[in-house]
Amino acid sequence: MQVSVLIFQRLPGWLFLLVSLPGVTLLGAQELVHPLAEPVAISGSFGEYRFFSRYHMGLDYKTWLINGLPVRSPAPARLRSIHVSEQSGYGNALFLSATQSGLSFTLAHLRDFQCPQSAANVPDDLELLRLALRTLVQDRPLRLHLPPWFHYEKGACLASTGESGSGPPHLHFEVLSNGHFQNPVVDTGLRINDDSPPVLQHLYMESDQGLLKIPLKKKPLIGKSLQQGRLDEYVIQQSLPRFARKEWIRLYLGGYDTMAARNRNGWFGLETRINERKVFAKQISTLSYAELNQSARLYHTALTQIGREYVYRMYAAGSAGFRLTDNGRNQSSAVLELIAFDASGNRSIVRITVPLGDTAEKWPMQSDRSSAYQSQQEWHAIHPQRMLQLSQKKSQASMTIRMGPGAVQLPGKLHLSSRADLPAEAARALRMDGHSKSPGPELYAHKGPVFMLEGQDLYYKWGGQGVARFPVQEEGRDGLYYYSYAKKIWRLMALPRQTKDGFHEYRFSVRITGPITQLSDLSAPAIVPAWRFDSQQVWIHSRLARLEFAVREYGSGIDLTASQILWQGQPIPFSWNADRSVIEIEIPARIFPDQSAGLLSLQVEDRAHNRSGWRFYWLQKKASQAAAPP
109 MQVSVLIFQR
119 LPGWLFLLVS
129 LPGVTLLGAQ
139 ELVHPLAEPV
149 AISGSFGEYR
159 FFSRYHMGLD
169 YKTWLINGLP
179 VRSPAPARLR
189 SIHVSEQSGY
199 GNALFLSATQ
209 SGLSFTLAHL
219 RDFQCPQSAA
229 NVPDDLELLR
239 LALRTLVQDR
249 PLRLHLPPWF
259 HYEKGACLAS
269 TGESGSGPPH
279 LHFEVLSNGH
289 FQNPVVDTGL
299 RINDDSPPVL
309 QHLYMESDQG
319 LLKIPLKKKP
329 LIGKSLQQGR
339 LDEYVIQQSL
349 PRFARKEWIR
359 LYLGGYDTMA
369 ARNRNGWFGL
379 ETRINERKVF
389 AKQISTLSYA
399 ELNQSARLYH
409 TALTQIGREY
419 VYRMYAAGSA
429 GFRLTDNGRN
439 QSSAVLELIA
449 FDASGNRSIV
459 RITVPLGDTA
469 EKWPMQSDRS
479 SAYQSQQEWH
489 AIHPQRMLQL
499 SQKKSQASMT
509 IRMGPGAVQL
519 PGKLHLSSRA
529 DLPAEAARAL
539 RMDGHSKSPG
549 PELYAHKGPV
559 FMLEGQDLYY
569 KWGGQGVARF
579 PVQEEGRDGL
589 YYYSYAKKIW
599 RLMALPRQTK
609 DGFHEYRFSV
619 RITGPITQLS
629 DLSAPAIVPA
639 WRFDSQQVWI
649 HSRLARLEFA
659 VREYGSGIDL
669 TASQILWQGQ
679 PIPFSWNADR
689 SVIEIEIPAR
699 IFPDQSAGLL
709 SLQVEDRAHN
719 RSGWRFYWLQ
729 KKASQAAAPP
């Protein structure tokens with residue numbers, strides 16, 4: 109409470125006026141500067157697909173796991189409002205209005221509202237306000253509008269980077285104009301030095317026959333130079349079946365961008381051509397509030413695997429797709445060209461020749477997938493505003509899936525079937541490295557039936573709800589899992605909600621396709637050495653030793669209450685970063701022993717009661733007070 113009194117004693121009286129004034133917008137061009145100093149690295153791009161079928165509205169700047177980097181004003185601006193929170197959403201955030209244009213800016217996940225170049229331990233007025241609000245509202249998030257008291261010149265330092273809100277340390281930056289989110293890298297002052305074209309992984313072709321997934325391979329020659337950027341060309345790695353001339357085809361292109369990292373997507377535009385005629389084009393430069401939860405107009409939300417492959421719709425949303433003939437002529441083939449390009453002008457293109465005939469050949473579906481494609485009568489239409497319930501029983505197990513209003517974004521088809529055994533590819537993944545020639549030890553035990561959920565033209569929004577009952581296999585280890593064909597791994601869907609009369613009942617969300625079954629988790633988690641200390645010495649920064657340990661876990665998830673982190677044999681607090689599967693530990697310098705060294709012991713346990721081995725680290729306090737290295 110003494111801290112609160114001190115804060116209020118130092119606060120100027122005008123900071124207690126919690127009022128809101130309308131912003132003033134002025135028209136005019138204004139070249140921007142990056143909110144972080146060069147060199148700039150982007151970890152999250154504009155328009156990127158995120159969970160629950162939404163877009164990412166801005167850029168994420170990498171801060172290399174370091175907090176406290178100076179954040180700059182991208183243009184002459186005044187502070188319009190602030191968001192104060194440590195745990196949710198934007199975290200600590202500033203909302204600015206440019207004084208020479210109609211642009212607005214958001215800077216989020218900040219550590220504090222204090223420029224790190226300010227006098228040490230002397231908070232300025234805005235930081236004092238943040239501290240006072242945290243004292244008043246505790247852990248609740250707060251958005252506060254301010255009168256035009258705070259003004260900044262372009263490039264002026266105004267805050268410090270952090271990890272408040274959600275995710276690991278980074279800076280989130282948004283640009284808005286007239287209520288629409290703008291792709292920041294379009295501005296000449298925010299261009300990214302990028303000469304790598306988008307990476308193409310798969311071409312998807314869908315019709316009433318089903319979904320054909322075609323691997324793509326880049327030509328070995330170095331990318332060609334264009335007037336702006338570079339060009340990579342791709343080819344398919346398998347022959348195509350004959351398509352019927354009157355058949356409607358829907359095309360999708362899967363891949364990612366290497367602007368900053370494989371697991372982020374920076375595609376800026378798309379184009380589809382049939383026989384040199386442009387039939388579809390889309391540019392990803394602007395998003396409205398209304399579009400934020402309509403990502404199915406751009407992405408295939410059931411096929412996209414965040415961090416692995418982003419699958420784009422290469423035809424107009426709501427249409428039946430394309431026919432591959434020109435004016436109904438009896439062509440024997442059609443030439444398809446699909447193009448992806450980024451904001452720097454780099455392009456990637458795949459050209460394929462599709463054989464055509466009066467009738468279609470049977471598509472080469474993967475033999476271990478569901479046979480549901482063979483019977484169109486078993487498909488069920490799903491609509492954004494209607495209810496759909498599917499049920500299946502196999503042996504003693506049962507599954508029911510309910511899709512209510514808002515479950516999907518656009519009309520499509522859904523199918524639920526059952527089978528006695530696992531598909532071959534999914535069965536191989538029950539072992540560690542099961543897809544290699546020398547599979548490792550068992551990760552899961554499987555006994556019982558398998559339910560297959562398949563979709564056509566399927567675009568999830570909120571998804572559906574499922575209920576499943578399975579006979580108990582191994583009490584304490586059982587869980588409901590689905591197999592991801594994109595990642596080639598099993599993923600946990602749910603743990604038993606209740607167990608009665610020898611059966612587990614599961615309740616789960618439905619936003620996937622593929623095989624679903626009950627598995628028993630047999631694998632112990634493993635602790636991977638931290639990367640914020642070297643082997644014997646700990647970097648001390650801000651009077652704390654900050655350590656991180658990655659945890660590799662394949663099954664039921666980590667049980668934090670059963671895991672043990674000991675310092676000199678005594679439990680110490682730790683936190684769990686679920687985004688990165690990382691244990692985060694802070695050891696105050698004051699609790700190091702007199703000899704400035706001590707023993708850190710770690711053991712983690714999963715929810716199936718599998719335990720990792722103990723890991724021991726003899727840590728010696730380092731004399732340097734420099735910031736921890738990235």
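Following our numbering, the numbering of the sequence shown begins with 109 at its first residue and continues without gaps.
Beta carbons: idealized from backbone N, C-alpha and C, even for Gly.
This one's a predicted model, so the numbers in the text were calculated from it and none came from an experiment.
*Is the segment 560–572 close to the segment 599–615, with three or more CB pairs under 8 Å?*
Touching, no.
*Count the other C-beta atoms from every protein chain shown that fall within 10 angstroms of the C-beta of F203, then say buried if there are 16 or more, exposed otherwise.*
buried
*Backbone secondary structure at A404 - three-state DSSP*: Of the three classes helix, strand and coil, the one that applies to A404 here is helix, per DSSP.
*Could you give the C-beta distance for L234 and F213, rounded to a whole number, given that I count them as a contact under 8 Å?*
Taking a contact as a CB-CB distance under 8 Å, the pair L234 and F213 does not count as one, their CB atoms being some 16 Å apart.
*Excluding sequence positions up to five away, which residues of its chain have a Cβ less than 6 Å from the Cβ of Y340?*
Strictly speaking, residue 340 in this sequence is Asp, with Tyr absent from that position. P305, K326, G331, S456, listed in sequence order.
_Reduced DSSP category for T133 - H, G, I as helix; E, B as strand; rest coil_ = Low per-residue confidence applies at T133: pLDDT is 29, beneath 50, and the placement is therefore not dependable, though the value from the model is reported in the following sentence. Reduced to three states, the DSSP call for T133 is coil.
*To which residues of the same chain is R723 closer than 6 Å at the C-beta, ignoring the five residues directly before and after it?*
I635, L710
*Where do the N-terminal and C-terminal ends of the beta strand (DSSP E) with R180 fall, by residue?*
178–180
_8 Å Cβ cutoff met for P681 and Q672_ = no
*G429: which of R358, V387, P492 sits nearest, CA to CA?*
R358
_Distance between beta carbons of F578 and Q626, contact taken as under 8 Å_ = 4 Å
*Does the Cβ-Cβ distance between K729 and S689 come in under 8 Å?*
no
*Per DSSP, what kind of secondary structure is E533 in: helix, strand or coil?*
helix
*At which residue ranges does the segment 242–296 contain complete beta strand (DSSP E) runs of 3 or more residues, listed in the order of the chain?*
250–253, 265–269, 278–285, 288–290
_Inter-residue Cα distance where the pair is Y568 and E282_ = 26 Å
_For E384, the three-state DSSP class (helix, strand or coil)_ = coil
*Let me know if S546 comes out buried or exposed under the rule of 16 or more other beta-carbons within 10 Å of its beta-carbon.*
Exposed, since its Cβ has fewer than 16 Cβ neighbours within 10 Å.
*asked:* Let me make sure I understand the geometry here. Which of T269, R421, I490, A534 has the alpha-carbon closest to that of L215?
replied: T269
_Three-way DSSP call (helix, strand, coil) for Y397 in this model_ = helix
*Taking the alpha carbon of Q336 as the point to measure from, which residue in D303, L400, K321 has its own alpha carbon closest?*
D303
*DSSP on R698, reduced to helix/strand/coil?*
helix
*Report all residues from its chain with a CB closer than 6 Å to the CB of Q484; omit the five preceding and five following residues, and keep chain order.*
The predicted position of Q484 is uncertain, since its pLDDT is 46 and thus under 50; a value taken from the coordinates is nonetheless stated next. Counting only residues of its own chain and dropping the five nearest sequence neighbours on each side, Q484 has no CB closer than 6 Å to any other CB.
*Does DSSP classify L239 as helix, strand or coil?*
helix
*Could you give the C-beta distance for Y169 and V148, rounded to a whole number, given that I count them as a contact under 8 Å?*
For a cut-off of 8 Å, the C-beta gap from Y169 to V148 is around 7 Å, short enough to register as a contact.
_Residues sharing a beta bridge with A206, DSSP_ = Bridge partners of A206 according to DSSP: A185.
*Short Cβ contact (8 Å threshold) for L279 with V179*: yes
*Since A594 is in the beta strand (DSSP E), which residue starts that stretch and which ends it?*
Where A594 is concerned, there is no enclosing beta strand (DSSP E), given that its DSSP letter is neither H nor E.
_Whole angstroms are fine: how far does the CA of L498 sit from the CA of G571?_
14 Å
*Can you give the Cα-Cα distance for R76 and K470, rounded to whole angstroms?*
Given that the chain is displayed from residue 109 to residue 738, the structure contains no residue 76 and the question cannot be resolved.
*Can you tell which of K262, S161, N175, L218 has the C-alpha that lies nearest to the C-alpha of E139?*
Here the closest residue by C-alpha is K262.
*Three-state class that DSSP yields for L498 in the structure shown*: The answer is strand: DSSP assigns L498 an E or B state.
_Residue span of the beta strand (DSSP E) that contains R358, given as start and end_ = 358–364
*In terms of alpha-carbon separation, which member of E355, P519, R186 lies closest to L266?*
R186
*Do three or more CB pairs link the segment 608–617 to the segment 578–589 at distances below 8 Å?*
yes
*Under 8 Å between C-beta atoms of G584 and A404*: no
*Roughly how many angstroms lie between the CA atoms of R494 and G514, to the nearest whole one?*
8 Å
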